[in-house]
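Colleague: Pasting a structure below so you can have a look.
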Amino acid sequence: MRGPRLGENSSLISLFLQVVAFLAMVMGTHTYSHWPSCCPSKGQDPSEELLRWNTVPAPSLEPASLDHHQESCRASEDGPLNSRAISPWRYELDRDLNRLPQDLYHARCLCPHCVSLQTGSHMDPRGNSELLYHNQTVFYRRPCHGKKGTHKG
């Protein structure tokens, strides 16, 4: 039993590449036709499309005090996750209605140093709380020039 010859292989490869190129053109045209336009046509409500884009679930937030007093800098054995850490923290909401996603949550340290694991309340000066930064891609809406009430996507 012999495998396909070199000529048959190149024909199959050529056919495969043609099919891939055709599918890429069809998918590219389909994707391009579904891109949001800069300025929607009359009667089109862009807010529905924007709401569909903003479907990332928000983390569950515990009610937190906004002032940084010593009492909030305590560790807890049975409290929410953010208070069980050796460096307690809380979420802060950053909301911008002209940005996608509109809501970004930042974790803020409540203590300048780590909390002692023995007491849960005394600070251990051998450790310190450091901010951790993470890049997040966001998109901003801008007004379209010359048209009232519309935004660029």
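FYI, in mature numbering (1 follows the signal peptide of the UniProt record, and there is no 0) the residues of the sequence shown are -31 to -1, 1 to 122.
The beta-carbon is built from N, C-alpha and C at its ideal position, and this holds for glycine as well.
As the structure is a computational prediction, the values presented were derived from the model and not from experiment.
#1: To the nearest angstrom, how far is it from the Cα of residue 111 to the Cα of residue 62?
#2: Give the range of the alpha helix (DSSP H) segment to which residue 73 is assigned.
#3: Contact defined as beta carbons within less than 8 Å: I believe residue 73 pairs with residue 105. What is the distance between those atoms, to the nearest angstrom?
#4: Short of 8 Å in beta carbon distance, which residues of its chain neighbour residue 107, apart from the five on each side in sequence? Order them along the chain.
#5: What would DSSP say about residue 66, mapped onto helix, strand or coil?
#6: Roughly how many whole angstroms lie between the Cα atoms of residue -22 and residue -16?
#7: Count the other CB atoms, across all protein chains shown, that sit within 10 Å of the CB of residue 95; report buried if there are 16 or more and exposed otherwise.
#8: Tell me, please, which residues DSSP counts as bridged to residue 97.
Modeller: According to the data block:
#1: Reading the sequence shown from its first residue, position 142 is the one you call residue 111. Reading the sequence shown from its first residue, position 93 is the one you call residue 62. Taking the straight line joining both Cα atoms gives about 22 Å.
#2: Here residue 73 is taken as the residue at index 104 of the sequence shown, counted from 1. Where residue 73 is concerned, there is no enclosing alpha helix (DSSP H), although the beta strand (DSSP E) it sits in stretches over 72 to 78.
#3: Position 104 of the sequence shown, counted from the first residue, corresponds to residue 73. Position 136 of the sequence shown, counted from the first residue, corresponds to residue 105. With a Cβ gap of about 7 Å, residue 73 and residue 105 count as contacting.
#4: Taking the first residue of the sequence shown as 1, we reach residue 107 at position 138. Here the set comprises 68, 69, 70, 73.
#5: Walking along the sequence shown from the start, residue 66 turns up at place 97. Three-state result, residue 66: coil.
#6: For the purposes of this step, residue -22 is identified with residue 10 of the sequence shown, where counting begins at 1. For the purposes of this step, residue -16 is identified with residue 16 of the sequence shown, where counting begins at 1. Rounded to the nearest angstrom, the two C-alpha atoms are 10 Å apart.
#7: The residue you call residue 95 lines up with position 126 of the sequence shown. Exposed is the call here.
#8: Here residue 97 corresponds to residue number 128 of the sequence shown, with the count starting at 1. Residue 97 pairs with 82.
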